[in-house]
Structures are given as C-alpha cells and as structure tokens.
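A quick write-up on the structure given underneath.
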Amino acid sequence: MKSLFTTIMKDFEGYSIGKTLAYLGDPGIISFAGGLPSGDVFPVDIIQKAAEKSLKENWSQVLQYSPISGEKDLMQAIIDYLRKDNIHIKPENIMITTSGQHGLDLVGRLFLEPKDIIVTDLPTFGGALAAFEMQDAGYIAKDIEEDGSDVKGMEAGIEELLSLGKKPKFIYVIPDFQNPSGITISLEKRLALLSLSKKFNIPLVEDSPYRELRYMGEHLPSIYSLDKNEGNVIGLYTFSKILCPGIRVGFNIGPPEVIKKFSFIKGANILNTPKLNQDICTAFLKEYDLDAHFKKAVKYYNEKLNFFLETLEKNFPRDMGVKWTKPEGGLFLWITVPEGINTLDLFYMAIEEKVAFVPGEVFYPMRHQKHNTMRINFSYPTKDEIVEGVKRLSSVIKKYQTEKKA
Ligand SMILES: Cc1ncc(COP(=O)(O)O)c(C=O)c1O
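This is the structure in structure tokens:
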C-alpha cells in the first residue's frame, strides 16, 4: 500500500520526540523528557464544577456539534483576557483551536506549498517543525542567541532568498521562554522581528504557550501587541500550560482574512472543538481567580527551576564543559554538552542508567542538525527525582566521555 501514500507520508517518520518518549515505559526511569505541566497546579475544582454545570444545564447543546470558529462566550472571555495583555481584538480576530498543535497545523496548511521557506530560530519547537514538515517546508534557520533571534542573520537569509527569486512565507518564533531553549526574546529583538515582518511583508507567527509562566525578570510586550492591530502578526495560544493539556483547547488570533481561512481549514479536518471543553475554559477565564492561580503556578515552577539549577551546579563541575540556559520562565532549560557527544547515543545510554531527556536534534530541521544538545523539563519531576536524575545524568556523560573519548 505504501506506494499509494503521498510523497511526504512515504518518508515521514512522525514527530521524533514521540520515538524517544516510547522508551519511557519503565517506571524506574526518571524523566526530564516530557513537556508536561505539573498536575499539582491543575485547577481541578473549577474544571469539575464547570463540566458539571455545563452538562447539567446545557447538555443538549454540549453534546451537539458546535460552531467551527468556537463558542461566542469563550471568544468574549478571551477578548477580555487579552485586553489585560494590551491586545485589543474582536471576535473576527479569533479562531478557537483544538490546542496549540492544531493552531500550528492551520498555519502550515494555510501558507505552505511544498518547498516553501519559513524563517525561524535554531533550535525551535519540534511540534512546529513536524506540522510544517507535513507541508514539506524548508527553512532559513539561525542559531538563537542569549537575547533571542539572530534577526540580522535572518534578514541576510531573507535577502539571499529574494535574490534567488523566492520569498519566505512567514517568520515563526516563541518569544517567551522558548520551547526548547528557555530563551526569551528581548524587547529590542521583538521590535526588530516586527520590522523584519513589515519590511519584507511576511507574517510573523508568534507562538505563546508559556507567556503567563514568568518567574523572574520584566514582563515584555507580545509582538502581537507591538503590531497594534496592523495585521502583521498571527498569535498562537493554548490552554495546555495555563490550565491543563488534556482539555485540548487553544486559539489563534490574527487579521480576519486569515481567521476566516483557518475556519475553512478547520471545517475540513477537525470541524469543531468540543463545547464541553470550551465551557470549562470560559469558566476558567471568567470565574476563576486567575491571579491567584498563576501566582501559585509561578511559585511552584520557580522553586523547581531554582532547585534544578542548583542541582546542576553541584553535579557538573566546570571542567566537564557542560553549559545550560537559565530561563526566566516556562518549563524547559537547554543543556549543551561538549561537541564530541552525540546526545541521541547518550540518550540510549541514559535510558540504561534510568534517566531520560530529549535529544536536541528533535528541535532542529533536517538540514540544520546539531547533536550535542538536550532539552530538560524541570517542572514535572519531584525534588528527589531531580537530585537523583541529575546525578545519573552527570555520571552517564562522564561514562560517555571515558568510553567514547569524547
Ligand atoms: C511552543 C509550543 N507550541 C505549541 C505547543 C502545542 O501545544 P498543545 O499541547 O496545546 O497542542 C507546545 C507544546 O508543548 C509548545 O511548546
């Protein structure tokens, strides 16, 4: 049957993080691999109350098909919620999605024809790469710097592509506590990215799942708000990290012409996002004490992050040549090991020592691979697991260096 598959699907091996996660069935493994928010901060009370209320009072609608673009109540709640973040939009600027990954898929399907080019950071979110690779995308991809995107490098890459008679389709960035690196794009670079988008007239796709999870430093304006509704930015949001991922609800915002097309695409694939789940999100935004909720989440994750960083300091003496980012928020940090170490090989050794991480190569497009990095999730493991897991990680790196003379 394979001969009948589309060209892309014949070779498409799936999102490679899935393959690494498949090794984690053994409960003895301490995993720093997933992207999981901690269940300890899920607001189970409001979720349960909202679900019961919605089913009891509105079951005939809840169990029906619902509008493709989303529930009006949820859209209004989102409009009010975003206003606090200096984003001023109307219902025609919003499309409810069935999570952030769906939002990315819609972007890929709307803009990309085979071999079209996207401008992005290296590394970047593997799920975005998977969504875009389904459309056979190519990349102008530049190493992310401590303060965010290499905007000058991106500009030079775009100029070069234009000189070949081709124009990239969009710029894709995760400005706040990027997955996977944990890096935040500075205000100067946010403005420079927006200028790039305007200069070349290509949309900027701003993916913001972690925006509320800032533990230190100054809150920076979103690129969407900096654009002041001029229509250059498409914003991608999800409830996965601020409420819970099981609910599978998110939203894309942008100019009406883009949102309308998103709804046509959604009509052809997912159709509608379950009303029950949308009602839960509406209750979360409208009835819950969001300030207290985020305060609790921020305190919880910040403690985990600091503890993880301290544990790394204790277990990785400088002469090991291991470096890591110090994120101001989000769920991930990024470790770079000496160049001779291939973290995919290291991953298999680590599994034997019962500790796991995500090999960095998952976060690089095919032609831009780097092999000496790894993503660490610090939010999910317990403190005891962090202590033991980091010890195991340190000893497995030493073992690799001795055995493979890396
Ligand atoms: C940057 C980024 N975008 C999108 C998503 C997908 O979010 P969701 O779980 O809502 O599909 C994630 C999830 O980890 C992410 O990190």
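According to my numbering, the sequence shown is numbered sequentially starting from 30. We put the beta carbon where it would ideally sit given N, CA and C, even for glycine.
- Nearest Cα to Asp55 within the set Arg421, Lys383, Pro410, Ile405: Lys383.
- One thing to note: Ile309 has its Cβ no nearer than 7 Å to the Cβ of Ile125.
- One alpha carbon belongs to Lys433, the other to Pro204, and they sit about 37 Å apart.
- With a contact defined as Cβ atoms closer than 8 Å, Leu375 and Glu390 miss out at about 11 Å.
- Counted as a single uninterrupted DSSP element, the stretch harbouring Phe386 is not any beta strand (DSSP E), since DSSP gives it neither H nor E.
- Rounded to the nearest whole angstrom, the C-alpha separation of Ile116 and Gly264 is 10 Å.
- Val262: member of the beta strand (DSSP E) spanning 262 to 267, first to last residue.
- For Glu235, the uninterrupted beta strand (DSSP E) run begins and ends at 233 to 236, by DSSP.
- Where Asn406 is concerned, the enclosing beta strand (DSSP E) starts and stops at 402 to 406.
- For Thr267, the shortest separation between its Cβ and any heavy atom of ligand 1 lies below 6 Å.
- The beta carbon of Lys290 sits closer than 6 Å to the beta carbons of Leu139 from its chain, once the five residues preceding and following it are set aside; these are given in chain order.
- At a cut-off of 6 Å, the beta-carbon of Asp172 does not count as near ligand 1: no heavy atom of the ligand is closer than that.
- For Leu151, the secondary structure class from DSSP, reduced to helix, strand or coil, is strand.
- Spanning the alpha carbons of Asp114 and Asp348 requires a straight line of approximately 44 Å.
- In the three-state reduction of the DSSP assignment, Glu174 falls in the strand class, which pools E and B.
- Exposed is the label assigned to Pro143, since fewer than 16 other Cβ atoms lie within 10 Å of its Cβ.
- Per the Cβ contact rule, the segment 315 to 327 is not in contact with the segment 283 to 302 (fewer than 3 Cβ pairs under 8 Å).
- Following the DSSP letters along the chain, one finds Asn344 inside the alpha helix (DSSP H) bounded by residues 319 to 344.
- Take Val262, set aside five residues on each side of it, and the residues of its chain with a beta-carbon closer than 6 Å to its own are Leu233, Glu235, Ile252, Tyr253, Asp256, in chain order.
- Tyr94 sits in coil when the DSSP states are folded into three classes, being neither helix nor strand.
- Comparing alpha carbon positions, the residue from Ile200, Asn258, Met245 closest to Asn122 is Asn258.
- Spanning the alpha carbons of Ile173 and Asp150 requires a straight line of approximately 5 Å.
- Of all alpha-carbon atoms in Val136, Thr402, Ser60, the one lying nearest the alpha-carbon of Glu286 is that of Val136.
- Relative to the Cα of Cys273, the nearest Cα in the group Tyr239, Ser192, Ile282, Met245 belongs to Tyr239.
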